[in-house]
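One gets my numbering by counting positions in the sequence shown from 1 and adding 81 to each. Quick reminder that beta carbons are idealized off the backbone N, C-alpha and C, glycines included. Only a predicted model underlies this, so the values are computations on that prediction, with no experimental measurement involved.
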Amino acid sequence: MGVVIVLFAFVVISLCSIALGLLFTRINFSFGLAISASLPFIVGYLLQVTTLFYLIPILPLVTWIVHSIRVSREKPSFK
């Protein structure tokens with residue numbers, strides 16, 4: 082499940098950076114603003130690298146914490 086969330090985050094970040102890059106390119110062509118069209122792509126890449134190196138190593142820890150909380154909340158069954 083964690084891998085699916087990370088892959089979904091990659092897709093969302095990529096789509097947002099592409100959309101912002103196209104928007105900034107259109108703004109540059111229309112109004113001549115000094116906004117670099119490559120900036121959203123660079124930010125998207127940095128977010129993906131951050132997700133890769135910080136979120137993925139934390140996922141097993143989060144899974145273990147959630148599992149520990151669920152186990153501690155279970156009531157012992159008396160048979």
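- [ ] Inspect the CB distances between the region 125-141 and the region 88-105 and report whether three or more fall short of 8 Å.
- [x] Verdict: yes, contact present.
- [ ] Assign serine 98 to one of two classes, buried (16 or more other C-beta atoms within 10 Å of its C-beta) or exposed (fewer than that).
- [x] Counting from 1 along the sequence shown, the entry for residue 98 is found at position 17. In the assembly as shown, serine 98 is a buried residue. Its beta-carbon has 16 or more other beta-carbons within 10 Å.
Open item on the list: Which residue wins for smallest C-alpha separation from leucine 103, given the options Val152, Ile146 and Phe122?
Closed with: Locating residue 103 in the sequence shown gives position 22, where the first residue counts as 1. Nearest of Val152, Ile146 and Phe122 to leucine 103, Cα basis: Phe122.
- [ ] Please go through the same chain and pick out, in chain order, the residues whose beta-carbon is closer than 6 Å to the beta-carbon of isoleucine 94, but skip the five residues on each side of it.
- [x] Translated into the one-based positions of the sequence shown, residue 94 becomes position 13. Same-chain partners within the cutoff: Gly125, Leu128 and Gln129.
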